[in-house]
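Terminal number for the sequence shown in the working numbering: 163, no gaps in between.
No residue lacks a Cβ here, since even glycine has one placed at the ideal position from N, Cα and C.
Values in this document were obtained by computation on a predicted structure and should not be read as measured data.
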Amino acid sequence: MVFSNCTCYSEDPEEILSHLKCGLSKSVKRPSFNIELQFQKPVTKFFVNMRIVLPRRMGDDFTLFNLSGIDGCSLLSNKNQIAFIQLGRKHMDRFSNVPKRCPWPKDVPYYVRGFRSDMAAMPAFNFESDMNLWFDFVVNHQKVIRGFIQGKVQQRRMQKRGQGDE
């Protein structure tokens, strides 16, 4: 997985959020994404919207999954969640301090830093595709954070052995 874009912005009329920053690392060889946020009020309940789409050149795009209005506190702590989400959460834990339960206290900097996909940890598959992920963090019926991550699933290219040898 190679990331090419990570953006987010805040629509925060209740001023719950005190800090939000999203972006890519400066590594040209294998960019990773970073998300930092901090709340100025405790977050006791939130909801998550998340959609992953694999765009196609011909025909309709393939929606890998579309989760709307998911209780974020349950999502964080639930051990019986969708296998794909469970794999993603387990992998993300290596790169973040996102809590496993609610509430999220105020004035604590939360982050996902240097996230890189470990495709070896994923179930076996053999395809290459662009990938678009949209996410919302919803508190009190307000989309406090909206984000977008763009990447490409690609096979690792093996270098030919003996190049230049005859």
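Beta-bridge partners of residue i, as assigned by DSSP
{"i": "E168", "result": "No answer is possible for residue 168: it lies beyond the span of the chain, which begins at -2 and ends at 163."}
{"i": "Q35", "result": "H16"}
{"i": "T4", "result": "F145"}
{"i": "M128", "result": "G148"}
Sequence-distant residues of the same chain with beta carbon closer than 8 Å to residue i, five excluded per side
{"i": "V(-1)", "result": "R27, P28, G148, K149 and Q151"}
{"i": "S1", "result": "L21, P28, Q147, G148 and K149"}
{"i": "P10", "result": "Q139"}
First and last residue of the uninterrupted beta strand (DSSP E) at residue i
{"i": "G148", "result": "Q139 to V150"}
{"i": "S74", "result": "Unbroken run through S74 is the alpha helix (DSSP H), G69 to S74; no beta strand (DSSP E)."}
{"i": "R111", "result": "Reading off the sequence shown, one finds Gly at residue 111, where the question assumed Arg. Taken as a continuous stretch (DSSP letters only), the beta strand (DSSP E) holding G111 covers Y107 to F112."}
{"i": "K94", "result": "Sequence check: residue 94 is Asn here, not Lys. Element bounds for N94: n/a, residue is neither H nor E."}
{"i": "V40", "result": "From DSSP, V40 is part of no beta strand (DSSP E); its letter is neither H nor E."}
Exposure of residue i, with buried meaning 16 or more beta-carbon neighbours within 10 Å
{"i": "E8", "result": "exposed"}
{"i": "G144", "result": "buried"}
{"i": "T4", "result": "exposed"}
{"i": "F128", "result": "For the sequence presented, residue 128 should be read as Met rather than Phe. With 16 or more Cβ atoms within 10 Å of its Cβ, M128 is classed as buried."}
{"i": "V105", "result": "exposed"}
{"i": "V25", "result": "exposed"}
{"i": "F30", "result": "buried"}
{"i": "F112", "result": "buried"}
Residues of its chain near residue i, where Cβ-Cβ distance is below 6 Å and the 5 sequence neighbours each way are ignored
{"i": "N63", "result": "R48"}
{"i": "G66", "result": "F44"}
{"i": "P120", "result": "Because the pLDDT at P120 is just 49, under 50, the model does not fix this residue reliably, and the value given afterwards should be weighed accordingly. Closer than 6 Å at the Cβ level, and outside the excluded window around P120, lies no residue."}
{"i": "I13", "result": "F36, K38, V136 and V141"}
{"i": "N46", "result": "S65 and D133"}
{"i": "K103", "result": "F36, Q37, K38 and P39"}
{"i": "K18", "result": "E33"}
{"i": "V50", "result": "D58, T60 and N129"}
{"i": "W131", "result": "R48 and F145"}
Close Cβ partners of residue i (< 7 Å) along its chain, the five nearest in sequence each way excluded
{"i": "S15", "result": "Q35, F36 and Q37"}
{"i": "N94", "result": "Y107 and Y108"}
{"i": "T41", "result": "C99 and P100"}
{"i": "G69", "result": "F43, F44 and V45"}
{"i": "R53", "result": "F59"}
Beta carbon proximity, residue i to chain D, threshold 7 Å
{"i": "D104", "result": "Absent from the structure: chain D. Only one protein chain is present."}
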